[in-house]
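First residue of the sequence shown? That's 0 in numbering that gives the first Met the number 0, and the numbers climb one at a time after it. Here a beta-carbon is modelled for each residue, glycine too, at the ideal position from N, C-alpha and C. Input: a single structure, listed below in structure tokens.
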Amino acid sequence: MGAVINIQSAFAIRRETVAPEIFYRYKDFLLQCLQLNESREPEEIFRRLIKVAGSVFPFEAVALLWRQSFDEGFYLKFEHELSAGLDKQLRWVERSGYVNWVARSKQIAVVPPETDDKLKQAIALMPLNSGKTLYGVIVFFLRGNGAEITTFQTDLMTFLAGQAAIAFENATLYQNMALQNQAIRSMKSFLENSLESMADGLFAMDLENRITLFNSAAEKLLGPSRAVAIGGHAQDIFAKDFVRFLDHAVEMTLTVGHFEEEMDYQHPFDHRTFPLSLRMTPLRDESGKEIGVIAVCRDVSERRELVHLRQLEQMKEEFISSVSHELRTPLTAIKSFTEILLQYGREDEASQKEFLTIIARETDRLIDLINDLLDVSKLSNPEFRLDLEPVDMTQVVKESLRGLAVLAAEKKIQIDQHLDPENRFVLGDKKRLVQVMVNLVGNAIKFSPESGKIEIRTEKLSGKRRRDAGDFLLVAVKDNGIGIPREAQRTIFEKFTQITSRTEAKPHGSGLGLHICKQIVEKLGGNIWVESEVGKGSTFYFTVPLAEGRGERDDEKLGTQ
Ligand code: ADP
Numbered sequence: 000m001g002a003v004i005n006i007q008s009a010f011a012i013r014r015e016t017v018a019p020e021i022f023y024r025y026k027d028f029l030l031q032c033l034q035l036n037e038s039r040e041p042e043e044i045f046r047r048l049i050k051v052a053g054s055v056f057p058f059e060a061v062a063l064l065w066r067q068s069f070d071e072g073f074y075l076k077f078e079h080e081l082s083a084g085l086d087k088q089l090r091w092v093e094r095s096g097y098v099n100w101v102a103r104s105k106q107i108a109v110v111p112p113e114t115d116d117k118l119k120q121a122i123a124l125m126p127l128n129s130g131k132t133l134y135g136v137i138v139f140f141l142r143g144n145g146a147e148i149t150t151f152q153t154d155l156m157t158f159l160a161g162q163a164a165i166a167f168e169n170a171t172l173y174q175n176m177a178l179q180n181q182a183i184r185s186m187k188s189f190l191e192n193s194l195e196s197m198a199d200g201l202f203a204m205d206l207e208n209r210i211t212l213f214n215s216a217a218e219k220l221l222g223p224s225r226a227v228a229i230g231g232h233a234q235d236i237f238a239k240d241f242v243r244f245l246d247h248a249v250e251m252t253l254t255v256g257h258f259e260e261e262m263d264y265q266h267p268f269d270h271r272t273f274p275l276s277l278r279m280t281p282l283r284d285e286s287g288k289e290i291g292v293i294a295v296c297r298d299v300s301e302r303r304e305l306v307h308l309r310q311l312e313q314m315k316e317e318f319i320s321s322v323s324h325e326l327r328t329p330l331t332a333i334k335s336f337t338e339i340l341l342q343y344g345r346e347d348e349a350s351q352k353e354f355l356t357i358i359a360r361e362t363d364r365l366i367d368l369i370n371d372l373l374d375v376s377k378l379s380n381p382e383f384r385l386d387l388e389p390v391d392m393t394q395v396v397k398e399s400l401r402g403l404a405v406l407a408a409e410k411k412i413q414i415d416q417h418l419d420p421e422n423r424f425v426l427g428d429k430k431r432l433v434q435v436m437v438n439l440v441g442n443a444i445k446f447s448p449e450s451g452k453i454e455i456r457t458e459k460l461s462g463k464r465r466r467d468a469g470d471f472l473l474v475a476v477k478d479n480g481i482g483i484p485r486e487a488q489r490t491i492f493e494k495f496t497q498i499t500s501r502t503e504a505k506p507h508g509s510g511l512g513l514h515i516c517k518q519i520v521e522k523l524g525g526n527i528w529v530e531s532e533v534g535k536g537s538t539f540y541f542t543v544p545l546a547e548g549r550g551e552r553d554d555e556k557l558g559t560q
């Protein structure tokens, strides 16, 4: 490394301040130096730099050694007229430590040719540093032997180097920024693509409930187009119900930090109502301040359907076990009494009759149960159609009471009838309507106390529902029995449900009666529901379409048809 000492002792040129008047004489040079900064391209800056440097001293070739960002080494970034021979010499210059010395001292150095041919011509090394940061070192292969370079020339070069360093620094910053922008842009488009490809609806709102983001799934799910939604206020875009729900969600999100709930959403265009789950979290700026909320929503009908199916599955299992039990009870009775009869029956005629009565009753119970089961399966077939014809409701009530009179009399139950004489004819299936009435009145008797009171009422009801074309007959069966708890009122119409209190004896029946009623009434185009209060009694209502014009007709005429 003798060469380095050589530089320091003999060739290192001190930076001196150049008098303003001298710089003034070199106005063009200075202007050209300043113009380096106009370019954003490092290679262009290098070309301009060579041109300016050429006006200060003559040289044969130039190499720009750029500092590696990750270690102290350099690499050849740009060159001008660098022949293979000069390239070899350049490597020697690097190896000898000149480049590092210039980089560390940040001073221009001129190295004369070496006698042993390793460096055939003089070189000038110029550091490119801006402040403390060194970007690179420029090596000029000079035309002379270097001795003719004056301090003034090196001062000009120092100025040029400083300007070039700034120009390179700016270009690098600019390129980094461009890269960063590109990265941000691609990140943004990546995020946008992800948002778009999400199956879940996603939207964001600011604190004034203005929509700031709305992906296409949200568009599909909620209805409004993105063009309408973005920038608009929630209350101008969504239906009142949903706005109220959103207000509640935002309030919860901003106080508790998150929100997750389901609601029944009605699509504004196809009017389909589906369960919508909405999850909301706050949106914050860099300082952590809340600036809005972001919401993810999803149609959860499938999930609900699954839950429902699972419940049905469970109910079915319970049903099978309860049906097996129901079947076994009468069968066991029949079997036991038959065996007794076979063994001792002949001896006592009175017991014989009693046992046979029990067997007959239990057999009836079995038949009823099996008929119910068959009905459920028949009625749940969507293809199954009822025979529709004008049916006189007063006849239906009469027939159904015929079979129940004994039961009612046993419990001393009084049955009152208030049947609308003007509106007697409904469009239905007589046998099935009798079945509905037998079920409802039978239950009313079953769940009423001794000396209870039952009231059957019919009246004309104007169609309230949108799709109801005509008018309906409302049939009500009222009792003052045990009543039905509120939470059970909805489920009793479902398949296989039976309210059983553990403390009371299990009521007779399969839990299918009301389900069958519901299936029949709905197949006829009506509705069935209950109003009840525990301890006070229940009223079961159902509707059936009135047979058009029949109400005004003469009873006799219809009878002859
Ligand atoms: P079941 O054949 O077992 O009576 P239903 O489907 O007819 O089955 O009735 C289901 C359940 O609803 C009954 O088990 C009973 O708990 C309740 N229920 C039905 N009607 C009445 C009523 N009038 N009063 C009180 N509870 C009733």
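Identity of the residue in the options nearest residue i by Cα
i	options	result
A170	L190, F45, D70	F45
I357	E346, Y134, P329, Q174	P329
L460	Y343, T542, N144	T542
E59	S68, Y25, D86	D86
E532	R489, R485, Y540	R485
L473	K219, W100, V529, L326	V529
L282	L33, L275, G291, S537	G291
F28	I49, P41, E40	I49
H270	I236, E316, G222	G222
P111	Y134, G84, R142, R90	R142
V425	D386, A443, V437	D386
Alpha-carbon spacing of residue i relative to residue j, whole angstroms
i	j	result
P544	H514	20 Å
L561	I293	Not covered by the structure: residue 561. The range shown for the chain is 0 to 560.
G451	I481	11 Å
F213	P126	54 Å
L439	V476	7 Å
N370	I339	28 Å
L164	L178	Leu is not the amino acid found at residue 164; the sequence shown has Ala there. Going by the C-alpha atoms only, they are around 21 Å apart.
A407	E449	9 Å
D263	L305	17 Å
M392	R401	14 Å
E195	L172	34 Å
S379	E218	37 Å
L368	T252	53 Å
D298	V242	18 Å
A359	R345	18 Å
F139	N175	28 Å
T132	L63	16 Å
A504	K445	Confidence is the limiting factor: at A504 the pLDDT is only 47, short of 50, which leaves the residue's position unreliable and the question unanswerable from this model.
Y540	S335	42 Å
A487	E493	10 Å
C32	T114	35 Å
Exposure label - residue i; buried when at least 16 CB within 10 Å
i	result
P267	exposed
S224	exposed
L124	buried
Q416	exposed
A546	buried
T149	exposed
D116	exposed
S54	exposed
L220	buried
M279	buried
Q310	exposed
K389	The question names Lys, yet the displayed sequence has Pro at residue 389. With 16 or more other Cβ atoms within 10 Å, it is buried.
M204	buried
E325	buried
I453	buried
T490	exposed
K315	exposed
Limits of the alpha helix (DSSP H) - the one that residue i falls within
i	result
A248	239 to 255
M279	From DSSP, M279 is part of no alpha helix (DSSP H) but of the beta strand (DSSP E) over 272 to 283.
R94	83 to 94
E195	150 to 196
I519	512 to 522
K117	Where K117 is concerned, there is no enclosing alpha helix (DSSP H), given that its DSSP letter is neither H nor E.
Terminal residues of the beta strand (DSSP E) in which residue i lies
i	result
Q265	258 to 265
Y134	132 to 141
G222	G222 -> no beta strand (DSSP E), and no H or E assigned at all.
V476	471 to 478
G200	200 to 205
Minimum length 3: unbroken beta strand (DSSP E) runs contained in the stretch 343 to 417: 388 to 391, 413 to 417
Ordered list of alpha helix (DSSP H) runs contained in the stretch 39 to 63, each at least 4 residues: 41 to 53
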